[in-house]
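For reference, the structure is listed below as structure tokens.
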Amino acid sequence: MANIQPLGQRVLVKRLDADEVSAGGIVLPDTAKEKPQEAEVISLGTGGKDEDGKTIEFTVKVGDKVLISKYGGTDVKVDGQDLLILSESDILGIVS
Amino acid sequence: MANIQPLGQRVLVKRLDADEVSAGGIVLPDTAKEKPQEAEVISLGTGGKDEDGKTIEFTVKVGDKVLISKYGGTDVKVDGQDLLILSESDILGIVS
Amino acid sequence: MANIQPLGQRVLVKRLDADEVSAGGIVLPDTAKEKPQEAEVISLGTGGKDEDGKTIEFTVKVGDKVLISKYGGTDVKVDGQDLLILSESDILGIVS
Amino acid sequence: MANIQPLGQRVLVKRLDADEVSAGGIVLPDTAKEKPQEAEVISLGTGGKDEDGKTIEFTVKVGDKVLISKYGGTDVKVDGQDLLILSESDILGIVS
Amino acid sequence: MANIQPLGQRVLVKRLDADEVSAGGIVLPDTAKEKPQEAEVISLGTGGKDEDGKTIEFTVKVGDKVLISKYGGTDVKVDGQDLLILSESDILGIVS
Amino acid sequence: MANIQPLGQRVLVKRLDADEVSAGGIVLPDTAKEKPQEAEVISLGTGGKDEDGKTIEFTVKVGDKVLISKYGGTDVKVDGQDLLILSESDILGIVS
Amino acid sequence: MANIQPLGQRVLVKRLDADEVSAGGIVLPDTAKEKPQEAEVISLGTGGKDEDGKTIEFTVKVGDKVLISKYGGTDVKVDGQDLLILSESDILGIVS
Chain A
88 MANIQPLGQR VLVKRLDADE VSAGGIVLPD TAKEKPQEAE VISLGTGGKD EDGKTIEFTV
148 KVGDKVLISK YGGTDVKVDG QDLLILSESD ILGIVS
Chain B
88 MANIQPLGQR VLVKRLDADE VSAGGIVLPD TAKEKPQEAE VISLGTGGKD EDGKTIEFTV
148 KVGDKVLISK YGGTDVKVDG QDLLILSESD ILGIVS
Chain C
88 MANIQPLGQR VLVKRLDADE VSAGGIVLPD TAKEKPQEAE VISLGTGGKD EDGKTIEFTV
148 KVGDKVLISK YGGTDVKVDG QDLLILSESD ILGIVS
Chain D
88 MANIQPLGQR VLVKRLDADE VSAGGIVLPD TAKEKPQEAE VISLGTGGKD EDGKTIEFTV
148 KVGDKVLISK YGGTDVKVDG QDLLILSESD ILGIVS
Chain E
88 MANIQPLGQR VLVKRLDADE VSAGGIVLPD TAKEKPQEAE VISLGTGGKD EDGKTIEFTV
148 KVGDKVLISK YGGTDVKVDG QDLLILSESD ILGIVS
Chain F
88 MANIQPLGQR VLVKRLDADE VSAGGIVLPD TAKEKPQEAE VISLGTGGKD EDGKTIEFTV
148 KVGDKVLISK YGGTDVKVDG QDLLILSESD ILGIVS
Chain G
88 MANIQPLGQR VLVKRLDADE VSAGGIVLPD TAKEKPQEAE VISLGTGGKD EDGKTIEFTV
148 KVGDKVLISK YGGTDVKVDG QDLLILSESD ILGIVS
């Protein structure tokens, strides 16, 4: 499968279908202007650097289930999967 | 119940129904363009860091009743509860 | 009565009716796009911090009569009183 | 007469009628989108502070006749006089 | 004649009529969305200060013929002359 | 063939046709508001400098297959090829 | 001919007609929302200064053929020639 390395503080995530929601049973509303959705982190970006040249760490890690805003980021379809590249700052939270 | 860990300076709050308003009897107007609402803080974000690398403290704490602007943040429904993820800077005040 | 502690550089003020205007007889125009109004400061926010970690002082104090822009801030009704939470930087001046 | 102490870098000015224009005979156009007007400085704000904590000086002083943009600032009527609270940075120039 | 002292980095300029264009024969297009015009610098502002407190020098000087954008700045009519107060950064170039 | 040297942090890329997509079989959706596309990096810009005067390195290199947003950058046609000049920060990721 | 000295980081360029395009045969599309065009650099601005007071160097030089965005900058007609004053940062690349 093709590999996508996101640039900078971006992450690559895979949208989760309704039947893939977490065991806790999160149901995401389908009507709000800004609909959140669950997704799984596939890969992290090349990262950014702070003012002292140190690489800024990502808070999320590969495999995390995250809540994202429906209209953030850019959709990419890879090998039939709906993927999304978005900035880590557009991830609302981690579901566990 | 599923757990949601907000990222960065975000907090997770639970909207309070009218019959859950504080003993002091705050009635929130339903007509203004930007309607404030009462909510209870459920969990705090992973936090941010200031320029010296020190974690920025949250002013609110879990269990606080807070006033929020109706249109701020992103709604999430978890186990039948209306939750909201919003930046702490969008919390107007703490009700006691 | 319920107590509201504004967050950060916000202040809580109580709008003053026309018959509560200052002795000096300030009459506020009712037609301008941005109508100023008189209000009394009820409580100060938790404050912010400058770059050296020192708390930023408020210029206004509880009890001050202030001029505010009509459309700034967020209205809150507490125990029948029209209150308003707004940033101190949106206060135009102090009336004495 | 009621006293208004502007906050921060704001100043309080009194609009000058056409028959109060400066001896030099400045006539201000009445058609432009952004109409300048003459006004007299009534009082200076509480001032701001620079990064070293030193108070930033005002360039205008009480009594100065100044040119202001018609739509800047906020109108206040005090004891029958048309006053205006605006940021010093919105004053275009001093007339002498 | 009334004197106008522009504030900060602003300059006061006098629009030049078509028959006052420079000897080189610059003809300014009358159709573009943002029409440049020739003007002569009448007076310089009180200036600004850089981070070390040193006054920032003006690049233009009194008497310079300059190209300005038609819609920048604010028109002022003084003793029958069309004057304009604008920021030096809105001057496109000096004609010689 | 004419050579184009992008300025600053810009890069010059060549859009890839559908039959030029990577072996992994990435199919890009044609309906989204912001359609990503695959492109190949042709040349890097002259670069920028950080606060210490050091040249900022590019993360992508000539020959990289990258994902770009359809509406970012500026199209240029050179010798019959569809090229695009865009900021490196508008490149979403590298495909391998 | 009249001389125009651009201010700051601006440059003065002369638009090139289609029959003046570079030998490499760059054909610029005429339909895109933001149409790039070829131009030749006529003169450089007075320059800006960085935080240490050192003059910032221009990357382009007089005589360079450059690609510019059609809607950037301000048109000026001098002695029958279509000239344009624009910021160097709006130049996309150098053609050689």
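Protein chains in written order, with our numbering: chain A, 88 to 183; chain B, 88 to 183; chain C, 88 to 183; chain D, 88 to 183; chain E, 88 to 183; chain F, 88 to 183; chain G, 88 to 183. Cβ coordinates follow ideal geometry from the N, Cα and C atoms, glycine included.
Against chain F, which members of the segment 142-168 of chain A pass a CB distance test of less than 7 Å?
Thr161, Asp162, Val163, Lys164, Val165, Asp166
If we cut at 9 Å on Cβ distances, does valine 98 (chain F) have a partner in chain A?
no
Just checking: is the beta-carbon of valine 182 (chain B) within a distance shorter than 9 Å of some beta-carbon in chain C?
yes
Classification of isoleucine 129 (chain B) by the beta-carbon crowding that lies within 10 angstroms, buried from 16 upward
buried
Beta-carbon proximity list for arginine 102 (chain B), same chain, < 7 Å, skipping 5 on both sides:
Gln124, Ala126, Asp169, Leu171
Going by DSSP, what residues sit across from serine 174 (chain A) in a beta bridge?
A:Arg97
With a cut-off of 8 Å on the beta carbons, I'd call threonine 161 (chain B) and leucine 173 (chain A) a contact; round off their distance for me.
Their Cβ separation, rounded to whole angstroms, is 14 Å, which puts threonine 161 (chain B) and leucine 173 (chain A) out of contact at 8 Å.
Exposed or buried, which one is lysine 152 (chain C) when buried takes at least 16 other CB atoms within 10 Å?
buried
Going by Cα to Cα distance, which pick from A:Ala89, A:Leu99, A:Gln92 is closest to glycine 159 (chain A)?
Check the Cα spacing between glycine 159 (chain A) and each of A:Ala89, A:Leu99, A:Gln92: the tightest is with A:Leu99.
When burial is assigned at 16 or more other CB atoms within 10 Å of the CB, is glycine 135 (chain G) buried or exposed?
exposed
DSSP three-state call for isoleucine 181 (chain D): helix, strand or coil?
strand
For a test of the three-state rule: what should DSSP assign to glutamate 125 (chain F), helix, strand or coil?
strand
Measuring straight from C-alpha to C-alpha, what distance separates aspartate 177 (chain B) and glycine 167 (chain B)?
Cα-Cα distance, rounded: 24 Å.
Taking the C-alpha atoms as reference points, what is the distance between isoleucine 91 (chain D) and leucine 131 (chain C)?
20 Å
Would you decide whether isoleucine 155 (chain E) is buried or exposed? Buried here means 16 or more other CB atoms lie within 10 Å of its CB.
Isoleucine 155 (chain E) should be labelled buried.
Going by C-alpha distance, which of C:Asp139, C:Ile181, C:Gly95 is nearest valine 149 (chain C)?
C:Ile181
Any beta-carbon of chain A closer than 9 Å to the one on leucine 103 (chain B)?
no
Identity of the residue in D:Gly95, D:Ala89, D:Val165 nearest threonine 133 (chain D) by Cα:
Out of D:Gly95, D:Ala89, D:Val165, D:Gly95 has the C-alpha closest to the C-alpha of threonine 133 (chain D).
State yes or no: is the beta carbon of glutamate 127 (chain A) nearer than 9 Å to at least one beta carbon in chain B?
Glutamate 127 (chain A) does not count as touching chain B.
If threonine 146 (chain A) sits next to glutamate 175 (chain A), beta carbons under 8 Å apart, how far is it from one beta carbon to the other, in whole angstroms?
7 Å
Helix, strand or coil at valine 149 (chain A) [DSSP, three-state]
coil
Span separating the alpha-carbon of alanine 119 (chain C) from that of proline 93 (chain D):
For alanine 119 (chain C), the predicted model reports a pLDDT of 39, less than 50, meaning its position is unreliable; a value from the coordinates is still stated below. Whole-angstrom Cα-Cα distance: 19 Å.
Spatial neighbours of aspartate 137 (chain D) within its chain, please: CB distance less than 8 Å, with the 5 preceding and 5 following residues excluded, ordered by chain position.
Ile143
Cross-chain neighbours of leucine 173 (chain A) in chain B, by beta carbon under 9 Å:
Chain B residues near leucine 173 (chain A): none, gap ~12 Å exceeds 9 Å.
Leucine 179 (chain G) versus chain F: which residues are under 8 Å apart at the beta carbon?
Pro93, Leu94, Arg97, Thr161, Val163, Ile172
Say whether chain E places a C-beta atom closer than 9 Å to the C-beta of serine 130 (chain D).
False, the Cβ-Cβ gap to chain E never drops below 9 Å.
Is there a Cβ of chain B sitting closer than 9 Å to that of alanine 119 (chain A), yes or no?
Because alanine 119 (chain A) sits at a pLDDT of 39, beneath the cut-off of 50, its placement in the model cannot be relied upon, and the following sentence gives the value as read from the coordinates. Answer yes: the Cβ-Cβ gap between alanine 119 (chain A) and chain B drops below 9 Å somewhere.
First and last residue of the uninterrupted beta strand (DSSP E) at threonine 161 (chain B)
161-165
What does DSSP give as the partner residue(s) for leucine 142 (chain B) in the beta ladder?
Checking the sequence shown, residue 142 (chain B) turns out to be threonine, not leucine. Threonine 142 (chain B) pairs with B:Lys136.
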